[in-house]
Structures are given as structure tokens and as C-alpha cells.
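Visitor:
In the working numbering, the protein residues as written are 1042 to 1140.
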């Protein structure tokens, strides 16, 4: 299960994720991102409540990063040690802006 809370203000969007980003929930995030990204120049993904990211979730994040790099920036915040380890092992820690 994945809960997504969205806020948008002055061209800045934030999605707060809670739960698991996996094969079952990645399409839900992809849908939210496709609706949000055309309207923002800065996208923040708050991972404070995110427990896990699968390869399907990584694919969605990579796609979002590619889109946002053309129109602004995307950053991830509050990444826990478990998710950070996944990013480091897959090389995503070098691709994504993690603050």
C-alpha cells in the first residue's frame, strides 16, 4: 500500500509518500506524477514515510527525473537508510538529487 499526499504552490510540487513503492503501487505514483509534472518547475518527493522501493518504483523515479531535468529540478528528501541502500546499490544515488 502507498499513500500519496500532494501539495502544489507557486510552481513547486511536493509528493509525500508513505508505505511501499513496488510493482503494485508504482502505477499509482506514475499517474500522480504525470498529472503534477506539467505544472511545476520544482518537484520534491518526501520519502519520510516510505519503507521500500522496488525496481518498478525505481523505473518511475528515473522517468520522473528525466522529465524534471528538462523543465526544472527534482529532489528527494527524508530518505531512510533502507531506501538509501537500495539507491546506492543500484547507482541511483548518483542519478537522483537526495537532500
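Ideal placement from N, C-alpha and C gives every residue a C-beta, glycine not left out. Please read all numbers here as calculations on a predicted model, not as lab measurements.
Taking residue 1116 as the reference, which of 1044, 1050, 1128 and 1140 has the closest Cα?
Guide: 1140
Visitor: So, helix, strand or coil for residue 1042, using DSSP?
Guide: Secondary structure of residue 1042 (DSSP, three-state): coil.
Visitor: Whose C-beta lies closer than 6 angstroms to the C-beta of residue 1127 among residues of the same chain, with five residues either side of it excluded?
Guide: 1094
Visitor: Smallest Cα separation from residue 1114: which of 1050, 1081, 1076 and 1072?
Guide: For the residues 1050, 1081, 1076 and 1072, the minimum Cα distance to residue 1114 belongs to 1081.
Visitor: Should residue 1087 and residue 1057 be called a contact, given that it needs their Cβ atoms to be closer than 7 angstroms?
Guide: yes
Visitor: Flag this pair as yes or no: are the beta carbons of residue 1045 and residue 1071 separated by less than 7 angstroms?
Guide: no
Visitor: When you compare each of 1043, 1136 and 1051 to residue 1107 by their alpha carbons, which one comes out closest?
Guide: 1136
Visitor: Give the range of the beta strand (DSSP E) segment to which residue 1060 is assigned.
Guide: Start and end: 1053 to 1062.
Visitor: Checking 7 angstroms against the spacing of the C-beta atoms, do residue 1098 and residue 1059 come in under that value?
Guide: no
Visitor: What three-state label does DSSP hand residue 1065 in the structure shown?
Guide: coil
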